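Notes follow once the structure below has been shown.
2 protein chains.
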Amino acid sequence: MLRTHTCGELRIGDVNKEITLTGWVQRQRDKGSLLWIDLRDRYGVTQLFLEEGKSEASLIQLARTMGREYVIKITGIVAERLSKNDKMPTGDIEVKLTSLEILNTSKTPPFTIEDQTDGGEDLRMKYRYLDLRRTTVREGLQLRHKMAQQTRLYLDSLDFIEVETPVLIKSTPEGARDFVVPSRMNPGEFYALPQSPQTFKQLLMVSGFDRYYQIVKCFRDEDLRADRQPEFTQIDCEMAFITQEDILKTFEGLIRHLFKSVKGIDMPSVPHMTYDDAMKYYGSDKPDTRFEMKFVELNDVAKGKGFVVFDDAELVVGICAKGCASYTRKQLDELTEFVKKPQIGAKGMIYLRCEANGTYKSSVDKFYDEIELSRWAQKFNADAGDLILVLSGEKEKTRKALGELRLHLANQLGLRDKNKFAPLWVVDFPLLEYLPAGQAGNEEMGLPAGQAGRWHAMHHPFTSPKPEDMGLLDSDPGKVRANAYDMVLNGTEIGGGSIRIHDRATQQLMFSKLGFSPEEAKKQFGFLMEAFEYGAPPHGGIAFGFDRLCSLFGGADSIRDFIAFPKNNAGRDTMIDTPSTISQEQLKELSIDVKIK
Amino acid sequence: MLRTHTCGELRIGDVNKEITLTGWVQRQRDKGSLLWIDLRDRYGVTQLFLEEGKSEASLIQLARTMGREYVIKITGIVAERLSKNDKMPTGDIEVKLTSLEILNTSKTPPFTIEDQTDGGEDLRMKYRYLDLRRTTVREGLQLRHKMAQQTRLYLDSLDFIEVETPVLIKSTPEGARDFVVPSRMNPGEFYALPQSPQTFKQLLMVSGFDRYYQIVKCFRDEDLRADRQPEFTQIDCEMAFITQEDILKTFEGLIRHLFKSVKGIDMPSVPHMTYDDAMKYYGSDKPDTRFEMKFVELNDVAKGKGFVVFDDAELVVGICAKGCASYTRKQLDELTEFVKKPQIGAKGMIYLRCEANGTYKSSVDKFYDEIELSRWAQKFNADAGDLILVLSGEKEKTRKALGELRLHLANQLGLRDKNKFAPLWVVDFPLLEYLPAGQAGNEEMGLPAGQAGRWHAMHHPFTSPKPEDMGLLDSDPGKVRANAYDMVLNGTEIGGGSIRIHDRATQQLMFSKLGFSPEEAKKQFGFLMEAFEYGAPPHGGIAFGFDRLCSLFGGADSIRDFIAFPKNNAGRDTMIDTPSTISQEQLKELSIDVKIK
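Going line by line, the protein sequences match chains A and B.
The first sequence runs 197 to 793 under the numbering used here.
The second sequence runs 197 to 793 under the numbering used here.
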């Protein structure tokens, strides 16, 4: 190594040692008689100094030619600092230079290499290699590294085998759009990049691998919403000879291991909640349970009192904001505006103030007297000083809107602390959801466009229905529950999985319910259905979104700083400038042509 | 779990326990009064039995309906075996069934699930999920898992950070052909799949990551020779602030750690050999050093004696096969035929037998007397009973041919023992090699076709020349040595790397030597050259071919059984039937058209 120590390593015990360091010039302070240099590497920052009259003149001269981000190698003697800096691990010492070599110069970077940089997103992405020098970004990737290592350690300890599944696979229209890869050796044919290794991990179970995992890149050619990436990473797992309860226990164990080993947090066991309860009490299949504010239904106390909005509503439901009775008219109006936004979709909002003096003040005072309003308050166990907010209307829509209001309010109230973590299992998801014609993707499925909507697998077509609900599959498909589960953390889905179908007959039935013709099902998934005929064991699994999991552990909103080289919302990497055109020769070899409308 | 134990777990200490097992029916033996079943899972095989008169009749009846590969769940009592089987870890016990549940049936598999199967390659690939049930294949993948884990443990312990680099990158014509991916969101533009994360890992060094690794999928669209795969896995590493010696030490450490932790072998330190010596003594840049048989040059003793073939030859060089003087005429003729094959290319072969009685017998007796022949023998330190084989001609060709003969002979003599391991560093590779016009790939480089050949980077264009050889770059480019090294194991290159160029001027010079126009170099690698201007540290790295490394550790010739789902030589996965056609809608969305000549 060109160095004897790293820039994060020297302590008071090293005083008087001769050492050699390498790194980047973070900053220099030139006081004339004294010249300080902060030298940075991945491991930390060490202060160097030169003293007019005591240090060699040529050294001082050379040091004065250096700019920010020069790469240098220095030798010097470790000295105790006069004024120590207890914010830096190396803050007790500094190094008196005896030699200095410039290993490489640097132009002035286009933005400052500091935690709070002056560089905008676009500039930082174009010069991502400089952005990655910033401590916050580097620490994000170090956290990711640690998460990956600890995930592997945990799963290894439980006899999971890491198996690499192929990246060049087969395009299937179910699900999101595939990225495809033309095959030069097979003209006119294409590989697809995997959206997940789903079928391969199921085949590994048929093979008897028993416990599989992989931290694996997956690909989806979707229009990129904020914070989506065309390539993303999953912790992908599958187990055989298990029940749903085994999977939940195993992966609750994983998440608790990660909290302990990476964050030092002793996480209690992860609660379970049914999908129906999640919708009923939080209006979401991924409730943020860092705070309570559960929904309370008011149909029995709010209907039949002459307030026609409630009387006509399928559901009257509210939340209680503790201590918010003092909200001003303006604040309440802002909340009403919020719920009336088109993407929230409520028609209006009713409030009930539980005043400090024990009286009630509501926007619907003329329909409800004090006693009636007190019954509302009782339902919430509301105290004097609390504020109750009520929405009404069609059940699903109203729940969804109230769920959004709950989160909005919690953000305002600071209830969504990034350093607090509330994982949750949501279980018993519906097997199917109905997509109206416009969203059903009929064409991709090889079905006539414009026909009626269709039932779509909520999780994916390999998820098993609950045996006790099988009878409903024809009569009331929406009521059939699946052996499917999500892990939710702080209101974000971080993982999801299911117990799979493992016999051909059920799988074939499922494909037909989803609108696959027998030919299409065979063409796309024939190998899997055939595999089910050669001794497929009961099995199930889960996949975690690793990028998101890392960002949540890092307390960040965006996944981008937990990915070394992310793409922007147009799917571009502006640093290397891709995607880009390729040559005519390449196209010819691949038997394809560009054809832009 | 559906089971209390695995099929590899029960021992004599478990006798009389009631246990539940799950697994596959490996075989049944029905003796009428007694019925034995071998139950298999990933962990082993356990013998089950049923006894007419003692076991429930319905159980026996059900068991008799089962075929091979049925998936079952059984409960029973562990009993001591009368005749123990010390070849099985569970061979001391058997399980007396008390209940039996068929979890899934199985059709008769198309080949036997045994180590020595009756299935041919094609059939096994089509039913890979059944092939993977075979113990040998599963153990290959378990070995791979262990290799990956131990690689990570070792590199982690040295502060390497695992960073995922992108899969959707940019096509560059240097090197092999890229797989490309049309971008729907950027019509007419394409991503490429990485042939290696080379530029990204160098950028991570510019970013100060200091030590990077990744076990990563890479892609090459080459015509597949036997045992090549379009997607393959590398252990990819890079370090900053190092010398070549640091890299060699670090990764010698890795290979020794793998031998120790995976194979239980204490590997002594890995010897170094220059490229020149490898060519001179073994005729190969990847010598198999499990055995000696080094080349001995005979120009001084063989030339000038009137044998015109040697007199006209640039090089006369031979090997000594210990104890082979008794080779028959037929055996010698076979060796002569071997070296005369077009792919070997020698014109003929001379032999010298060191007879047991101390005399010499050669095919060129009439040109050399006993004393002259004894001088040959002395050069080889040959003993009575040894056989010397000599080739001659143009230096490089002759060395290559003799290198092939050496391996051929060693195979015959059983000197290439798969359980013996001889790693080796080959260092000081040439920087450049000259490719004649036909092989130079001028068109891909945007150069006029049919122009003269060109100098090509032997390793890759980012490899640094040895500073002391820089003066030869114009006068004698072929003589310039690179800071490049390969790790060779048993005659196979398992890894290679180099100290990189880290300044723009040298990198630009190198691109121009390789025939890039300044515009082309900028278009393809502008981001890297720009990065070199912002404080790039000295750095270097290495990549190991992980599939091959695993197959060598597994003592296998082919990499295929160390890859879960390999592709055949036409790049097809016959199990999932890919590549395949995609729909017109998909093509339209991607702004491409199929155009087959």
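Built from N, CA and C at the ideal position, the CB exists for glycine as well.
Predicted model only: the values in this text are computed from it and were never measured.
Residue i (DSSP reduced to helix, strand or coil)
i, result
"glycine 691/A", "strand"
"valine 505/A", "helix"
"asparagine 607/A", "helix"
"proline 378/B", "strand"
"threonine 702/B", "helix"
"methionine 654/B", "coil"
"glutamate 205/B", "coil"
"aspartate 442/B", "helix"
"glycine 421/A", "Residue identity differs from the one stated: residue 421/A is arginine in this sequence, not glycine. Coil at arginine 421/A, not helix or strand."
"glycine 642/B", "For glycine 642/B, the predicted model reports a pLDDT of 49, less than 50, meaning its position is unreliable; a value from the coordinates is still stated below. If DSSP states are grouped into helix, strand and coil, glycine 642/B belongs with coil."
"tyrosine 477/B", "helix"
"leucine 620/A", "strand"
"arginine 238/B", "coil"
Closest Cα partner of residue i within the set the options
i, options, result
"serine 754/A", "Ser353/A, Thr688/A, Glu358/A and Gly204/A", "Thr688/A"
"alanine 372/B", "Asp789/A, Ile788/A, Gln782/A and Lys322/A", "Gln782/A"
"proline 464/A", "Phe455/A, Asp472/A and Tyr471/A", "Phe455/A"
"threonine 439/A", "Gly737/A, Lys593/A, Gly249/A and Ala517/A", "Gly737/A"
"threonine 368/A", "Glu533/A, Phe712/A and Met666/A", "Phe712/A"
"asparagine 577/A", "Glu533/A, Glu530/A, Ala517/A and Gln312/A", "Ala517/A"
"leucine 605/A", "Gly219/A, Val513/A and Phe487/A", "Phe487/A"
"valine 622/A", "His655/A, Lys283/A and Glu493/A", "His655/A"
C-beta atoms of residue i and residue j nearer than 9 Å
i, j, result
"leucine 628/A", "tryptophan 651/A", "yes"
"alanine 799/B", "aspartate 582/B", "It is not possible to answer for residue 799/B, since the shown part of chain B is limited to 197 through 793."
"isoleucine 215/A", "valine 267/A", "no"
"glycine 502/B", "phenylalanine 415/B", "no"
"arginine 207/B", "aspartate 288/B", "yes"
"phenylalanine 740/A", "isoleucine 461/A", "no"
"serine 480/A", "lysine 596/A", "yes"
"glutamate 360/B", "arginine 348/B", "no"
"glycine 228/A", "glutamate 252/A", "no"
"isoleucine 724/A", "leucine 399/A", "Checking the sequence shown, residue 724/A turns out to be leucine, not isoleucine. Yes. Within cutoff."
"leucine 420/B", "leucine 389/B", "no"
"proline 661/B", "leucine 710/B", "no"
"leucine 733/B", "methionine 401/B", "The question names leucine, but residue 733/B in the sequence shown is proline. Yes, they are a contact pair."
"isoleucine 515/B", "arginine 452/B", "no"
"alanine 259/B", "leucine 235/B", "no"
Inter-residue spacing [alpha-carbon to alpha-carbon] between residue i and residue j
i, j, result
"glutamate 726/A", "lysine 718/A", "9 Å"
"isoleucine 690/A", "cysteine 746/A", "10 Å"
"proline 483/A", "histidine 468/A", "12 Å"
"isoleucine 697/B", "lysine 269/A", "18 Å"
"leucine 231/A", "glutamine 222/A", "14 Å"
"glutamate 664/A", "lysine 476/A", "22 Å"
"asparagine 764/A", "threonine 331/A", "22 Å"
"lysine 575/B", "alanine 680/B", "32 Å"
"lysine 413/A", "glycine 692/A", "16 Å"
"glutamate 785/A", "aspartate 769/B", "21 Å"
"valine 458/B", "histidine 341/B", "10 Å"
"leucine 246/A", "tyrosine 323/A", "32 Å"
Extent of the continuous beta strand (DSSP E) to which residue i belongs
i, result
"methionine 469/B", "468-470"
"threonine 216/B", "214-226"
Range of the contiguous alpha helix (DSSP H) that encloses residue i
i, result
"threonine 331/A", "331-353"
"glutamine 257/B", "253-260"
"tyrosine 325/B", "324-327"
"cysteine 746/B", "742-749"
"lysine 495/B", "Here the sequence assigns asparagine to residue 495/B, which means lysine is not the residue at that position. 495-498 is the extent of the alpha helix (DSSP H) around asparagine 495/B."
"methionine 401/B", "394-402"
"phenylalanine 428/A", "Segment 427-436 is the beta strand (DSSP E) holding phenylalanine 428/A; no alpha helix (DSSP H) there."
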